[in-house]
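Here is the structure we will look at, set down as structure tokens.
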Amino acid sequence: MAARLVLTGFDDAGRSVVVHDAGVDAVAMPGAGHLYPFWSANEPATYPSDGLSPKAPEFFPPLNGSRFFTMVLTPQEGAASVQDTDGEKLGADLAAAMDHDNPGMHATDTTDFAIVTQGSVGLELDEGAEVILHAGDAVVQNGTRHKWRVVGDTEAVITFVLIGAHRTP
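Residue numbers for the sequence shown, in the working numbering: 2 to 170.
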């Protein structure tokens with residue numbers, strides 16, 4: 002899969018313009034597949050702006066921050082583990098969020114909006130509860146423990162928007 006990102010912004014006269022139009026490099030997620038990071042911001046957007054991504058270093062956003070990416074899961078590995086992921090490229094917080102006793106299982110302080118665009122995936126929750134999602138299905142993940150796995154023998158593609166949320170004790 003090839004990925005392309007087009008960003009719009011404002012020129013000096015306040016007109017809307019394309020400020021970026023280029024391919025996006027895949028980042029490996031050992032044990033899972035790879036992803037295409039499109040956008041990462043740690044604060045709400047304000048306009049007018051130059052339209053360029055602030056490129057926050059963490060994988061998961063803080064309160065009111067956002068992330069936008071596409072994840073490609075491979076059937077051989079599913080989302081088994083990302084503990085060996087390159088922290089500099091994805092953020093050390095990704096590996097830290099994983100349950101080491103249940104590889105791939107994690108919970109974050111985010112609301113995750115996801116849509117499956119290719120293939121089928123299992124969304125596993127606590128106690129082994131699972132829902133199967135197919136291309137065109139969407140899910141809103143509300144900070145609960147979960148993990149993803151490919152269903153079938155073809156890769157699955159899921160696009161996400163994550164919004165940082167506040168978890169009360």
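Positions of the beta carbon are idealized from the N, C-alpha and C atoms, including for glycine.
Everything numeric in this text was worked out from a predicted model, so none of it was measured.
Quiz item: According to DSSP, which residues form a beta bridge with HIS107?
Solution: MET99 and HIS147
Practice problem: Using the Cα positions of VAL140 and ALA115, report the straight-line distance between them to the nearest angstrom. | Solution: 5 Å
Quiz item: Going by other Cβ atoms of all chains shown within 10 Å of its Cβ, with 16 needed for buried, is ASP154 buried or exposed?
Solution: exposed
Quiz item: In or out: PRO62 buried (at least 16 other Cβ within 10 Å) or exposed?
Solution: buried
Quiz item: Thinking just about the alpha-carbon of each residue, which of GLY52, ASP13, ALA97 and ASP138 is nearest to the one in VAL158?
Solution: ASP138
Self-check item: Nearest-angstrom Cβ-Cβ length linking ALA23 and LEU6, presumed shorter than 8 Å
Solution: 7 Å
Exercise. Tell me PHE114's beta-bridge partners as DSSP assigns them.
Key: VAL141 and VAL162
Quiz item: By how many angstroms is the C-alpha of PHE11 removed from the C-alpha of ASP51?
Solution: 6 Å
Quiz prompt | Option in ALA130, GLN119 and THR9 with minimal Cα separation from TYR48 | solution = THR9
Quiz item: Mind checking whether TYR169 and GLY144 have CB atoms under 8 Å apart?
Solution: Correcting the residue type first, residue 169 is Thr in the shown sequence and not Tyr. Not in contact: THR169 and GLY144 (Cβ atoms no closer than 8 Å).
Self-check item: Selection from SER67, GLU44 and VAL18 that minimises the alpha carbon distance to PRO38
Solution: SER67
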